[in-house]
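Asks: Before I ask anything, let me first share the structure, which is written out below as C-alpha cells.
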Amino acid sequence: MMTYSTRAWLVAALLLGASPGLMRAQESVRGRDAARARRDARREMLANPDSQRMPRAGGTGVDDRLRAENRLRTSLAQAVRRRLNLTDEQTARLVDVNRRFSEERTTVTREELRIRRDLRRSIAGGDTARSAATAQLLDDLLAVQRKRLDLQQKEQAALSEFLTPEQRARYIGMMEQLRRRIESRTDSARGRGRRLE
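So the numbering used here is basically just the index in the sequence shown, starting at one, shifted up by 282.
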C-alpha cells in the first residue's frame with residue numbers, strides 16, 4: 283500500500299510527465315512527422331477536391347460527422363502511406379490492424395481522460411475527506427495506463443509482421459501527435475464551453 287506522500291509524488295510525476303529534455307526531443311520528432319502528415323493531407327485534399335465536397339444541406343449532423351471522419355481517415359491513410367513509403371499490401375494490412383485495435387484504443391483513451399479529469403477535480407477540491415477517492419483514482423489511472431501499454435504491445439506485435447522498425451517508430455510518432463492534437467482541441471473546446479456558461 284502506498285503512503286500519502288508517495289501518492290502525492292506519483293500524481294505530480296504523472297501530471298508533469300517525463301523529463302523536459304526527453305519530452306522536447308520526442309515532441310520535436312513527432313512535430314516534424316505530424317507537420318509532414320498535415321502537409322501531405324492538405325496536398326491530397328487539394329489534388330482531389332471532390333473528396334472534400336461539402337455535404338448536402340439536408341444531411342443530418344451524424345451524416346456530416348461520418349463524412350468528415352471518412353475524409354479525415356482517407357487523408358490520413360494517404361499521408362501515412364506516403365510518409366512511410368508503404369506498399370499497397372502494407373497499407374491494406376495497416377488499415378486492418380487499425381480497424382482491429384481502434385475500438386479498444388478509443389475506450390482506453392476515453393477512460394484515461396475521464397480518470398484524469400476526475401483526479402484533477404479531486405485534487406483541486408482540497409478536501410482531505412476525499413483522500414480515499416483520490417487514492418482510488420490514482421490506482422485506476424495506473425491500471426488504465428497498463429491497459430494502454432498492453433494494447434500498444436499487441437498493436438506493435440501486429441505491426442512488426444509487415445512494417446520495418448523505422449516505419450513503426452514513425453507511425454507511432456504520427457499517431458501520438460494526432461492523439462495529442464485531438465485531446466488539446468477537445469480540452470480547449472470544453473474550456474470555451476465553460477466560459478460561455
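The C-beta atom is built at its ideal place from N, Cα and C for all residues, glycine as well.
When DSSP labels each residue in this structure, what does residue 444 get in the three-state scheme?
Replies: It is coil, neither helix nor strand.
Asks: What is the DSSP secondary structure of residue 366, counted as helix, strand or coil?
Replies: Helix, per DSSP.
Asks: Would you check if the distance between the CB atom of residue 445 and the CB atom of residue 372 is smaller than 9 Å?
Replies: For residue 445 and residue 372, yes; Cβs fall inside 9 Å.
Asks: Return the CA-CA distance between residue 469 and residue 395, expressed in angstroms with no decimal places.
Replies: Distance between the alpha carbons of residue 469 and residue 395 is about 10 Å.
Asks: For my contact list, residue 390 and residue 420 are in at a C-beta cut-off of 8 Å; report their separation, rounded to the angstrom.
Replies: The Cβ separation is near 17 Å, so there is no contact.
Asks: When we look at the beta-carbon of residue 361 and count the other beta-carbons within 10 Å, is it buried (16 or more) or exposed?
Replies: Buried: at least 16 other Cβ atoms inside 10 Å.
Asks: Taking only beta-carbon positions, decide if residue 365 is within less than 9 Å of chain B.
Replies: In summary, chain B is missing from the structure at hand, where a single protein chain is found.
Asks: When DSSP labels each residue in this structure, what does residue 455 get in the three-state scheme?
Replies: Looking at residue 455 - three-state DSSP - the assignment turns out to be helix.
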